[in-house]
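734 is the number that the numbering used here gives to position 697 of the sequence shown; each next residue is one higher, with no gaps.
For each residue, glycine too, the CB sits at the ideal point set by N, CA and C.
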Amino acid sequence: MLRTAFKLCVSVCVIAVIPSLAAPMKEAKLWEPVEWKFENVSCSGNPFDLVAKAIFTHADTGQKIQTELFHDSGDVWRLRFTGTRTGQWQFVTESADPDLNGLKGQVKILPNPGVPGFITNFAGKWGRLGTNEAFVPQYIMYCEPDVLSRRADRLDADIREFLVEHGFNGLHTIVLCRWFDFDKTRSTEITADDPNPDPRTFEVLELLLKKVHAAGGVVHIWAWGDEQRRMTPRRWGLNGKVDQRLQRYICARLGPLPGWSMGYGFDLQEWTEDKDLRSWHEYMHKHLGWPHYLGGRAPDLTQICPDLDYSSYQQHRPDYDTYVKAIEQYPDKPTFLEDRFRVRKGVYPDKDYDFDMTRRGLWHSTMAGGAANIWGNLLDPRPDGMSHPYPKKHQIKTWSLFWKNRFKKEMIRDNSLTDDVCLKVPGKMLVFYKEDADSIKMNLTELRGNFRAVAVDTKSQYMEIELTGLKPKPGQQFKAPHRSDWAIAIETGPNRKAKHGETELLRDKWGVPHVFSDTDAGAMYALGYAAAEDRAFQMYYNLRIIQGRLAELIGDEKVGATRNLPQGKNSALRNDIKMRTIGYCRAAQKVAQNLDGETQMLLQAYSNGVNDYVDNHPNDLLYLFDKLDLIPEPWTPAACIASWWRLGIFFSGDGLREMGVYYDIKDGIRKIRSVAPDNNAAVLRARPIRDDAAVIQRSDVAADWVEKLYDYANEHNLTRKIDTTTMRRPPPTRRFSHAWAVKTTDGSA
Numbered sequence: 038m039l040r041t042a043f044k045l046c047v048s049v050c051v052i053a054v055i056p057s058l059a060a061p062m063k064e065a066k067l068w069e070p071v072e073w074k075f076e077n078v079s080c081s082g083n084p085f086d087l088v089a090k091a092i093f094t095h096a097d098t099g100q101k102i103q104t105e106l107f108h109d110s111g112d113v114w115r116l117r118f119t120g121t122r123t124g125q126w127q128f129v130t131e132s133a134d135p136d137l138n139g140l141k142g143q144v145k146i147l148p149n150p151g152v153p154g155f156i157t158n159f160a161g162k163w164g165r166l167g168t169n170e171a172f173v174p175q176y177i178m179y180c181e182p183d184v185l186s187r188r189a190d191r192l193d194a195d196i197r198e199f200l201v202e203h204g205f206n207g208l209h210t211i212v213l214c215r216w217f218d219f220d221k222t223r224s225t226e227i228t229a230d231d232p233n234p235d236p237r238t239f240e241v242l243e244l245l246l247k248k249v250h251a252a253g254g255v256v257h258i259w260a261w262g263d264e265q266r267r268m269t270p271r272r273w274g275l276n277g278k279v280d281q282r283l284q285r286y287i288c289a290r291l292g293p294l295p296g297w298s299m300g301y302g303f304d305l306q307e308w309t310e311d312k313d314l315r316s317w318h319e320y321m322h323k324h325l326g327w328p329h330y331l332g333g334r335a336p337d338l339t340q341i342c343p344d345l346d347y348s349s350y351q352q353h354r355p356d357y358d359t360y361v362k363a364i365e366q367y368p369d370k371p372t373f374l375e376d377r378f379r380v381r382k383g384v385y386p387d388k389d390y391d392f393d394m395t396r397r398g399l400w401h402s403t404m405a406g407g408a409a410n411i412w413g414n415l416l417d418p419r420p421d422g423m424s425h426p427y428p429k430k431h432q433i434k435t436w437s438l439f440w441k442n443r444f445k446k447e448m449i450r451d452n453s454l455t456d457d458v459c460l461k462v463p464g465k466m467l468v469f470y471k472e473d474a475d476s477i478k479m480n481l482t483e484l485r486g487n488f489r490a491v492a493v494d495t496k497s498q499y500m501e502i503e504l505t506g507l508k509p510k511p512g513q514q515f516k517a518p519h520r521s522d523w524a525i526a527i528e529t530g531p532n533r534k535a536k537h538g539e540t541e542l543l544r545d546k547w548g549v550p551h552v553f554s555d556t557d558a559g560a561m562y563a564l565g566y567a568a569a570e571d572r573a574f575q576m577y578y579n580l581r582i583i584q585g586r587l588a589e590l591i592g593d594e595k596v597g598a599t600r601n602l603p604q605g606k607n608s609a610l611r612n613d614i615k616m617r618t619i620g621y622c623r624a625a626q627k628v629a630q631n632l633d634g635e636t637q638m639l640l641q642a643y644s645n646g647v648n649d650y651v652d653n654h655p656n657d658l659l660y661l662f663d664k665l666d667l668i669p670e671p672w673t674p675a676a677c678i679a680s681w682w683r684l685g686i687f688f689s690g691d692g693l694r695e696m697g698v699y700y701d702i703k704d705g706i707r708k709i710r711s712v713a714p715d716n717n718a719a720v721l722r723a724r725p726i727r728d729d730a731a732v733i734q735r736s737d738v739a740a741d742w743v744e745k746l747y748d749y750a751n752e753h754n755l756t757r758k759i760d761t762t763t764m765r766r767p768p769p770t771r772r773f774s775h776a777w778a779v780k781t782t783d784g785s786a
């Protein structure tokens with residue numbers, strides 16, 4: 038986030054002559070908040086009651102977004118904004134306070150392709166602006182703000198654990214009366230009769246929202262709890278002065294941050310009525326400048342207030358039919374079964390889940406049409422209320438990988454096409470699901486042209502089984518290799534390789550890959566596919582090293598440990614600390630984000646090739662993946678850059694040690710060693726040229742090509758004396774090179 042201090046140190050009479058001062062132009066990317074800081078020395082009274090509005094106008098379209106400034110601390114007010122369109126936006130402020138009235142500023146919003154924005158809906162499906170795609174929110178129970186503040190250094194690891202390695206797409210947290218006092222959950226613990234919002238709580242929530250959004254996820258907040266435990270604002274009056282002061286502050290401070298929704302609380306039927314939720318909903322949206330979905334759950338399949346942004350239900354162990362009924366009650370807005378589905382034993386026998394119920398619940402809620410849920414593993418309850426990792430997290434990841442790019446806003450249910458359940462995009466995609474099955478019947482009549490069909494065992498590590506022989510006719514049947522819970526996806530059109538153009542990957546008799554493609558992206562796709570096929574473990578292992586995550590795989594393994602040096606010369610943990618301190622992966626992310634569009638496209642094509650091989654051949658991966666519990670994460674352009682840096686470090690030695698030598702030379706402490714040119718054989722003698730291991734040999738290239746090569750070498754002082762005397766050759770045998778030279782067949786590169 039860009040932050041610029043802007044102070045108003047002028048008198049009232051000057052403001053009368055010059056009614057506004059312009060803040061410097063800022064730049065930000067689409068869906069990324071930008072912030073201005075102002076000083077207000079003229080405020081009297083409660084600063085949280087001071088109203089200062091800012092109206093942002095998009096220069097090209099005239100679209101307006103209105104938000105408010107918020108009090109931070111002392112004399113400091115802040116203004117936040119997130120661009121929903123690219124281009125230039127201008128703002129001007131309005132306030133009864135002279136120091137905050139008539140302020141002006143501009144921000145240029147740059148493209149941010151592929152980054153999701155605010156939560157939205159497509160009729161009954163949840164969606165994201167920015168990607169314009171539907172998704173099914175599956176939240177994991179996360180800790181409350183006070184706990185997060187004490188373990189903020191773990192947030193990145195938690196996001197990686199639950200959003201990346203498990204495959205959930207959101208975190209769920211609850212605030213309660215910490216809105217007013219960071220250390221208090223109950224209204225009876227707060228002594229103030231007229232409490233203000235506590236900025237400490239908001240600082241922690243901001244950290245959570247920004248980190249999760251950066252990871253592509255969403256956050257669902259429960260504002261309150263139940264009145265029985267006094268975890269509500271009822272003491273000060275629902276939607277009264279204290280409550281609405283807080284609501285305005287939430288809208289001003291958190292409103293510009295994308296990717297969150299809010300439920301009013303739990304057990305609402307005990308302490309709220311329709312008018313309470315309606316008033317809260319209307320007041321919040323009056324002050325929110327951006328879309329955030331607000332709801333309030335009700336028992337069974339009822340609604341306390343039917344006019345909120347999503348329909349929300351308190352259900353225990355909903356099955357597929359219950360999800361369908363919940364969605365059908367309000368088909369024009371998204372659905373949330375907003376209890377917490379917790380794996381426990383003996384707490385509430387009619388309510389608690391087990392791991393199989395969790396896995397099936399993910400599929401039931403998705404196949405029903407996409408209802409949101411909250412999940413948690415509390416078998417051994419933690420004091421912070423947060424979920425443990427799931428012992429079979431690969432099953433959750435299988436759900437996530439299957440639905441990646443498959444859950445579409447156009448999908449509808451059509452169980453008439455199968456002997457169990459089906460979702461479809463008419464004429465384009467069919468998804469079938471059946472539990473405890475060894476076969477699935479399918480009617481594929483509506484498909485036309487080419488299509489690709491895969492089956493996935495939802496209990497296992499993600500692996501696509503290619504299905505062949507299916508026809509666009511009724512009476513088609515999938516016969517499973519074993520009984521399980523099976524999902525089948527059938528999509529019309531070309532397969533993923535064809536998206537990058539016509540591409541062919543061949544291997545010669547020595548196993549060397551040869552790529553033929555009519556596009557650069559296709560060549561990169563096949564190169565990534567071949568690289569993963571040959572060296573997936575090396576790629577992912579090197580990536581873990583430079584990420585500073587080696588100890589996750591092998592523990593704190595020591596290198597060079599002896600009796601006199603038990604700590605070793607190095608260790609996995611020390612290496613992790615060094616990698617994270619230097620920040621190679623952070624730098625790789627920045628480099629990847631700032632690459633030109635063509636280079637990003639090529640690296641993404643390469644990454645797609647890696648991911649397609651890994652996703653479709655889990656049983657062909659090296660046994661060390663299973664032995665070290667190394668779960669391949671999606672390969673990205675940043676992973677390309679970081680892993681290549683890792684190889685550069687490996688071949689160049691210890692960069693930190695070399696850095697010291699560099700600064701010694703720079704400061705004159707050391708001198709660069711120079712060697713006078715001579716014909717000393719020890720200096721210049723090289724091995725005779727041997728090209729019997731080369732794919733392209735001397736006889737394959739013309740003499741003028743060789744001359745150009747040597748001209749280049751001479752021009753750049755790369756020549757050395759080469760011994761060309763005849764060498765007794767051993768009997769012909771296979772030879773392999775550690776370094777490879779690659780050229781295109783047309784000679785363009």
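For residue i, which residues from the same chain have a beta carbon less than 6 Å from its beta carbon, with the 5 sequence-adjacent residues on both sides left out?
{"i": "Val720", "result": "Caution is warranted here: a pLDDT of 41 is assigned to Val720, below 50, making its placement in the model unreliable, and no coordinate value can be reported."}
{"i": "Thr763", "result": "For Thr763, the pLDDT reaches just 46, beneath the cut-off of 50, and the residue's location in the model is therefore unreliable, although a value from the coordinates is still provided. The answer is none, since no qualifying residue turns up."}
{"i": "Gln513", "result": "Met479, Leu481 and Leu507"}
{"i": "Ile591", "result": "Ala609"}
{"i": "Ile128", "result": "In the sequence under discussion, the amino acid at residue 128 is Phe, which differs from the Ile named in the question. So the qualifying residues of the chain are Ala91, Phe93 and Gly142."}
{"i": "Leu640", "result": "Pro674 and Cys677"}
Cβ of residue i within 8 Å of Cβ of residue j?
{"i": "Tyr320", "j": "Tyr347", "result": "no"}
{"i": "Ser476", "j": "Asp494", "result": "no"}
{"i": "Leu213", "j": "Met178", "result": "no"}
{"i": "Val144", "j": "Phe107", "result": "no"}
{"i": "Asp134", "j": "Ser79", "result": "yes"}
{"i": "Gly333", "j": "Ser316", "result": "no"}
{"i": "Gly326", "j": "Gln626", "result": "no"}
{"i": "Ala91", "j": "Glu105", "result": "yes"}
{"i": "Trp440", "j": "Val173", "result": "yes"}
{"i": "Asp112", "j": "Glu69", "result": "no"}
{"i": "Phe373", "j": "Ala171", "result": "no"}
{"i": "Met404", "j": "Tyr499", "result": "no"}
{"i": "Tyr390", "j": "His203", "result": "no"}
State buried or exposed for residue i, treating a residue as buried only when at least 16 other CB atoms are found within 10 Å of its CB.
{"i": "Ala718", "result": "Caution is warranted here: a pLDDT of 40 is assigned to Ala718, below 50, making its placement in the model unreliable, and no coordinate value can be reported."}
{"i": "Leu543", "result": "exposed"}
{"i": "Gln340", "result": "buried"}
{"i": "Pro56", "result": "Because Pro56 carries a pLDDT of 38, less than 50, the predicted location of this residue cannot be relied on, and the following value inherits that uncertainty. The residue is exposed, with fewer than 16 neighbouring Cβ atoms inside 10 Å."}
{"i": "Lys162", "result": "buried"}
{"i": "Leu345", "result": "buried"}
{"i": "Arg707", "result": "exposed"}
{"i": "Gln616", "result": "In the sequence on display, residue 616 carries Met and not Gln. The residue is buried, with at least 16 neighbouring Cβ atoms inside 10 Å."}
{"i": "Tyr153", "result": "Correcting the residue type first, residue 153 is Pro in the shown sequence and not Tyr. The residue is buried, with at least 16 neighbouring Cβ atoms inside 10 Å."}
{"i": "Trp297", "result": "buried"}
{"i": "Gln630", "result": "exposed"}
Looking only at its chain, what residues have a beta carbon closer than 7 Å to the beta carbon of residue i, apart from the 5 residues adjacent to it on each side?
{"i": "Gly398", "result": "Phe378 and Asn410"}
{"i": "Asp715", "result": "Because the pLDDT of Asp715 is 48, which lies under 50, any placement of that residue in the model is unreliable, and the number read from its coordinates should be weighed accordingly. Contacts found: none."}
{"i": "Leu564", "result": "Val552, Tyr643 and Gly646"}
{"i": "His401", "result": "Asp356, Tyr357 and Tyr360"}
{"i": "Thr157", "result": "Gly164, Arg165, Leu166 and Pro328"}
{"i": "Val88", "result": "Glu105 and Ser132"}
Just list the residues that DSSP pairs residue i with in beta bridges.
{"i": "Tyr390", "result": "Val380"}
{"i": "Tyr470", "result": "Val458 and Ala524"}
{"i": "Ser608", "result": "Lys595"}
{"i": "Tyr176", "result": "Gly207 and Ile411"}
{"i": "Gly124", "result": "Ile146"}
{"i": "Ile156", "result": "Arg165"}
Excluding the 5 residues preceding and the 5 following residue i in the sequence, name in chain order all residues of the same chain whose CB lies nearer than 8 Å to its CB.
{"i": "Glu307", "result": "Asp263, Glu264 and Gln265"}
Q: Tell me the start and end of each unbroken beta strand (DSSP E) in the stretch 498 to 586 that is at least 3 residues and wholly inside, in chain order.
A: The stretch 498 to 586 contains these whole beta strand (DSSP E) runs: 502 to 504, 513 to 529, 540 to 544 and 550 to 554.
Q) Taking only runs of the alpha helix (DSSP H) that begin and end inside the stretch 384 to 442, which ones reach a length of at least 4 residues, in chain order? A) The qualifying runs are 392 to 404 and 430 to 440.
Q: Kindly provide the ranges of any beta strand (DSSP E) runs that are 3 or more residues long and lie completely inside the stretch 194 to 258, ordered along the chain.
A: Within the stretch 194 to 258, complete beta strand (DSSP E) segments of at least 3 residues are found at 207 to 211, given in chain order.
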